[in-house]
Every structure is written in C-alpha cells, then in structure tokens.
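Residues in the sequence shown are numbered consecutively from 1338, following our numbering. Idealized CB from N, CA, C, for every residue including glycine. Step one of this worksheet: look at the structure below.
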Amino acid sequence: MKELAKWQLVSIVSRGLAMVLGLVQSFFILRILSVGEWGLVQLALGIGGALGIYQHLGLASASTREISAVQDNKEVFRIFFTSIAVRYVISLPLALGLFFASDYIAVKVYLQPDIAFYLKLYSAVLLIQAVQSILNSVIAGTKKFKQMFIYQVAIAGVSVVVYLPLVYVFRTQGYFYALILFSLISSVVLCILAFRPLNYEFVLPSMADFKRLFGQLLSLSMGIYFVKIVYTNWEKLGTNLLGLTVSAELLGIYGFALLYGKKLMSISDAVTDVNLPVLSDKFVNDIEAFKELFSANFNKIFAVTVVAAVAAVYWVREAAVILVGHKYDASFPYILPVTYAFVLYSFVNIIKSSVVIPARMVKEMILGFVFMIVFTVIFYFGMSGVLGQLTAMAYGMFFGAAVGLLVLILSSQAKLKFTFFGIKHFLLLFLCILFSFVGAYADLIVKSGFFAAFLLLYTYTVVSVGFITASDLHTILAKLKLR
1338 MKELAKWQLV SIVSRGLAMV LGLVQSFFIL RILSVGEWGL VQLALGIGGA LGIYQHLGLA
1398 SASTREISAV QDNKEVFRIF FTSIAVRYVI SLPLALGLFF ASDYIAVKVY LQPDIAFYLK
1458 LYSAVLLIQA VQSILNSVIA GTKKFKQMFI YQVAIAGVSV VVYLPLVYVF RTQGYFYALI
1518 LFSLISSVVL CILAFRPLNY EFVLPSMADF KRLFGQLLSL SMGIYFVKIV YTNWEKLGTN
1578 LLGLTVSAEL LGIYGFALLY GKKLMSISDA VTDVNLPVLS DKFVNDIEAF KELFSANFNK
1638 IFAVTVVAAV AAVYWVREAA VILVGHKYDA SFPYILPVTY AFVLYSFVNI IKSSVVIPAR
1698 MVKEMILGFV FMIVFTVIFY FGMSGVLGQL TAMAYGMFFG AAVGLLVLIL SSQAKLKFTF
1758 FGIKHFLLLF LCILFSFVGA YADLIVKSGF FAAFLLLYTY TVVSVGFITA SDLHTILAKL
1818 KLR
C-alpha cells in the first residue's frame, strides 16, 4: 500500500507540475490568438484527434499489462515490436487518408477552408505520435516510474519553449508547426528512456512469437481500443457537433471550458500510470489483497480529486482574469458541468485501469462507455431547444459521464463481489458540486471565508468516513515540516 501510494503521489506531483506548465502555455497561446483563431485550432484538433484515436487499437494498455508480467528484456522487445508493427498497419492509412481528404473536410463539411492546411500538418503528427504510447508502455511495464515522471515534467517545459515562439510568429499555423516539432522531440526522448535500461538488446519476434503475442495482446486490446475511440469522440463531441452550427467565436468559448475542465484528468492519468502495472500483477496473484488495496487506495484518490475539482471551479473567475483577462468570461457558465464531467470520467478511467482491465471485464467496459456517449448525445439533442446548444452540450457531457460511471460501478462490484463506491461517495460528491456554485455569486472576501470553512469541514468529513485516515494526515504534515 505504501509503495503504491508513494509512486501515485510522485506521479500526481509530476503530472501537477506538467499541468501547471501546460496551463501557462495554454493561457499564453490564448492571449496571442483571437477567440476565432482558437476556435479554428480546436476544430482542427477535434477532427484530427477523433480520427487519430483509431490508430491506437488499445495496444498501449494491453502492452503494459503483458510487459509488467515478464522479466526477460528480449521478451519485452518482442512485445514492443509486435505492438509497433500492428500500430503502423493502422496509422499509415489513417494519416494518408486525412492528408488527402483534408480539403474536402475543411471546405465541404465544415465550411472552414483555413483548416485544410492544419489537417495536412496533423496527418504528419499521427505518424510521429504512433510510437509514443508503446514506448510509454515499455517504461511503465518495466516499472521505471522515476524516469517516467521526470520525463513528464521536463517534456512539459520543452513544450512551452517550442510552442510559444512559433505561435507568436506564425499564429494558428505555428501551433501545428510546434505540434510536429514537439512530437519529434518527445518520440526521440522516449526511445532513449525505454531502451537504455534494457541495454538496447533489440530482438525481433519470430513469426511464431508474433502470432503468440498478437493473440495475447488482441484479446484485451480490441476492447480497450473500442472504448478509447468512444472516449475520444465523447471528449471531442462538443467541438465536432457545435462546429457544424455555431460560429468560431462560440466554439472558442466552449473550447476554453473544455480546456480548463480537462486539466483535472491529470490526477486520474497519474494514478493509472502506476495502478495498471501494479494492480494487474496483484489481481493475478492475490485477488483478496487486490480488493483491499484498491478499495483503500480509491477512497484517497476520490477525496483528492473531488477537492481539486471544487477548488478549480470555485476560483475559476479569479484564475481566468489573471491568466487571460476577460476574453473568455462567457465560458464561465459551462465550466462547472464540463469540469465535473471530467471528474466523473476520472473515476471511470481509474476503475477501468485498476479493476476492469486487470479482471479482463471487456464486455462491461464497452457497455459503460457506450452508455456514456449515447446519453450525452441524447441529452444534447433533447435539451438544445430548451437550454441552448452550448449549455446542453456542457450538461450533456456531465449526464453521460454520470451514467457511464454508474454502469461500471454496478457491473464491476457485482462481478467481483466487493464494494468500493457507495452512498458516502455519491453524497460527498453531490454536496461538493452544490458548494462549487457559491464561487459564481460571492465576492472575494466572502468566498475566501467560505472556502476556508469548506476545507476544514471537508477534511473532517473524509477522515470521519475513513476515506483518509488520521495516520495519512500525520504523514503528510510530517513531510511538509521536513521540507
């Protein structure tokens, strides 16, 4: 438990530092570009990202699970090369298709001819980035967590250095020039980090090895691949659907809420970096210890994620004014539902990587994600006439994520016969969402007082219900004093 929590904490810190650098980069870019230009960037990224997800095949998570179970460096390389071969069989046609279809998509579908060139540049990004997640799976699967977390912070700093001058000089085109350059740098560094600890013992798989590994990877990866496609299209649903009917300025307003809310995904992403290899091994070898470890650990992650969401929504007006002025004030009504949509998805992500994938619950995983996107679409089209398009999309994402989370909770708890998400979790989350609304209406002094009182009450509550123990608090305070 302590070893898992230690690396999770390190992962959260590294992700947090990377997120701060990412926010700095994003808000400088938002200051440089107009709202309309930012909307076009978001539209091109949405189209390219929705298409790019089809190259993944779920290979990264499946490879991580398989690599974490082997000790032989040569077998690691066999798994890596098998995964890469499959990946590029998919990535190459996708990249070529996007390149040649970019003019049609830009002019005929979205009536935005400016994005045709951006989509051509993004097709190159698809080829460069295809290798990155597999390299990450080698690092995570061999449990080289220290190198992985240092990389996350360092590469975020490199991103700032790459993006800002290119966007400043070339504006929207510069964003995609930077994306290509940054992808190249990231891929080279990941190669070094992945292969140096393995002494560069490159071994290509034989045909027999390829068939064996292909079968092992494919049995799990196709389910992961499917839900990854669903998630990416769910995340891009707002920009892609709204882009058909609203102006670039309104798309930029919604894009800001999406950008802000998604940053909380850093917590669950950090946790899953560690949980997938560690808990996969634990599930296979000691199922009861797995249940106990995950339940206790999930309570802590839940408590941290929820309070981070409250802070992010509560202080959004002040943070936005400092970072981008009043340019995106119109996005504030959409930030609460979008942020909490990503909070709910964070829990979906943790359950998927920590329980569903180790237990190979492929059908349950697919069902949860299908419900998530279907109910988002139903809410959007059903409520657009009542709430307006942007509001309906923001709350549709929240509603869909809630349904998907509920499906995964009920199915995994029933199949594995243990409870990790109960009425205490739902009640605490509901009360915190209600409190988040206060930040929109109170002045700074009143807000500060309310927030201080909230933190005290929240800490007392999570300790009282056992999400965080007194021992955990003493450990944290002791470490803070040492520093």
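Please classify L1817: does DSSP put it in a helix, a strand, or coil? Residue confidence is low: L1817 scores 45 on pLDDT, short of 50, so the model does not pin down where it sits. Its coordinate-derived value is still stated next. L1817: helix per DSSP, three-state reduction.
Looking at the secondary structure, which residues open and close the alpha helix (DSSP H) in which Q1510 lies? 1509-1532
Would L1503 and A1515 be called neighbours here (beta carbons separated by less than 8 Å)? Result yes, Cβ atoms of L1503 and A1515 sit closer than 8 Å.
Secondary structure of R1549, DSSP reduced to three states: helix
K1480 by DSSP, collapsed to three states: which one? coil
Give me the residue from S1428, K1445, T1479 with the minimum Cα distance to A1461. S1428
Completely contained alpha helix (DSSP H) runs for the stretch 1352-1398, where each covers 4 or more residues: 1372-1389
If you draw a straight line from the alpha carbon of H1393 to that of L1781, how long is it in whole angstroms? If I take the Cα positions, the gap works out to 46 Å.
Beta-carbon contacts of L1601 that lie in its chain and below 8 Å, excluding the five residues immediately before and after: T1642, A1645, A1646, A1649, T1676, F1679, V1680, S1683
So, under 8 Å CB-CB, W1375 and G1592 are touching, yes? Tell me the CB distance rounded to an integer number of Å. 6 Å
Is the Cβ-Cβ distance between V1692 and F1631 less than 8 Å? yes
Would you check if the stretch 1602-1616 and the stretch 1348-1368 touch, i.e. whether three or more CB-CB distances between them fall below 8 Å? yes
Just how far apart, CA to CA, sit V1653 and V1540? 51 Å
I need the straight-line Cα distance from F1774 to L1578, nearest angstrom please. 27 Å
Nearest-angstrom Cα separation, counted from L1431 out to G1552: 23 Å
Looking only at its chain, what residues have a beta carbon closer than 6 Å to the beta carbon of S1690, apart from the 5 residues adjacent to it on each side? T1609, N1612, L1613
Less than 8 Å between the C-beta atoms of T1401 and G1478, yes or no? yes
Quick check: what's the CA-CA separation for G1705 versus V1685? 9 Å
Are any of the Cβ atoms in chain C nearer than 8 Å to that of I1416? Protein chain content of the structure displayed is limited to a single chain, and chain C is not contained in it.
If you drop the 5 nearest sequence neighbours on each side, which residues of the same chain put their C-beta closer than 6 Å to that of S1439? Cβ contact annotation for S1439 (same chain, cutoff 6 Å, sequence separation greater than five): A1453, L1456, K1457, in chain order.
Hey, which unbroken runs of the alpha helix (DSSP H) at 4 residues or more fall wholly within the stretch 1662-1732? 1669-1688, 1699-1724, all fully within the stretch 1662-1732.
CA-CA distance, K1752 and K1481? 32 Å
So V1413 and I1404 are in contact, right, with Cβ under 8 Å, and what is the actual spacing, rounded? 6 Å
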